[in-house]
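This report refers to the structure that appears directly beneath it.
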Amino acid sequence: RRLQRRVGITTVYVTHDQEEALAIADRVVLMSAGRVVQAGSPQDLYLTPATEFAADFLGVGTRLPARAEPGALVLDETEQRLPYAGDARGPVVIVLRSSDLTLGEAGPTLEGNLEESLFLGDRWRHYVRLGGTLLIVDGEAARAPGPVRVSVSRDRLRVYPQGGSPC
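In structure tokens:
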């Protein structure tokens, strides 16, 4: 990035490394199967992914099949409910990034079983079992295995119709 700025030339850089793309680009073009999925600033793509593919590609996350009902998202496998004010109805996919979740009681929560916590240097990565799905949650401290609640950030909840754009 420093070299780009010093030389002052436009650069097209192709990579499969998401962190690298977000770090050095002024604009990112995300492609899949030869087609543009989304284009914009790194912040726009990361914070407001246009599709389930974009959300999944640009962050460590977990996909949870669910159904959207008036006022709630109901997880297919566990029947747990999250508040939902969106317009979608029917089958959806919830994409939850590890950085948007915390272990605790604040806000909407999902109940699961903490299987393992791994130290990654700057954070702990927790693996929480929700039925047959392993939910990835990043945190600041280790936790003992056992029953936990996972707090879901309402403003970072990403909901997509199965196979479509955001709801």
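Going by my numbering, the sequence shown opens with residue 268, and the numbers climb by one from there.
Where is the CB? At the ideal position from N, CA and C, for every residue including glycine.
The alpha helix (DSSP H) enclosing residue i, as first and last residue numbers
i      : result
Ala438 : Coverage of the chain is limited to positions 268 through 434, which leaves residue 438 absent and any answer about it impossible.
Val295 : Run containing Val295: none in the alpha helix (DSSP H); it sits in the beta strand (DSSP E), Val295 to Ser299.
Arg273 : Arg269 to Val274
Cβ pair residue i, residue j closer than 8 Å
i      : j      : result
Val362 : Ala335 : no
Ile403 : Arg392 : yes
Pro379 : Arg396 : As written in the sequence, residue 379 is Gly, which differs from the Pro given in the question. A contact, by the Cβ cut-off of 8 Å.
Tyr427 : Val341 : no
Leu289 : Val281 : no
Ser384 : Arg364 : no
Pro412 : Leu381 : yes
Thr278 : Gln271 : yes
Own chain, CB closer than 8 Å to residue i, minus 5 neighbours either side, in chain order
i      : result
Gly399 : Glu344
Thr520 : The structure shown has nothing for residue 520, since the chain only spans 268 to 434.
Pro414 : Glu378, Gly379, Asn380 and Leu381
Val303 : Val296 and Leu297
Gly307 : Arg294 and Val295
Proximal residues to residue i (C-beta, below 6 Å), its chain only, five neighbours per side dropped
i      : result
Tyr313 : Leu325
Leu331 : Leu342 and Ile361
Arg356 : Ala335
Ser299 : Phe320
Leu401 : Tyr394
Asp367 : Ser420 and Arg423
Gln347 : Leu377
Arg425 : Ala322 and Val362
Residue range of the unbroken beta strand (DSSP E) whose run includes residue i
i      : result
Arg403 : The sequence given here places Ile at residue 403; Arg does not occur at that position. Segment Thr400 to Gly406, the beta strand (DSSP E) holding Ile403.
Glu287 : Not the beta strand (DSSP E): Glu287 falls in the alpha helix (DSSP H), residues Gln285 to Ile291.
Arg416 : Gly413 to Val419
Tyr394 : Trp391 to Leu397
Gly425 : Note that residue 425 is Arg in the sequence shown here, rather than Gly. Arg425 to Pro428 is the span of the beta strand (DSSP E), which, as asked, contains Arg425.
Neighbourhood of residue i by C-beta distance below 7 Å, restricted to the same chain and skipping five residues each side
i      : result
Gly406 : Thr369, Leu370, Arg390, Trp391 and His393
Distance between beta carbons of residue j and residue i, contact taken as under 8 Å
i      : j      : result
Ala333 : Pro350 : That belief does not hold up - the Cβ atoms of Ala333 and Pro350 are roughly 13 Å apart, past 8 Å.
Ala292 : Pro316 : Their Cβ separation, rounded to whole angstroms, is 15 Å, which puts Ala292 and Pro316 out of contact at 8 Å.
- request: Kindly provide the ranges of any alpha helix (DSSP H) runs that are 4 or more residues long and lie completely inside the region 304-380, ordered along the chain.
  value: 309-314 and 319-324
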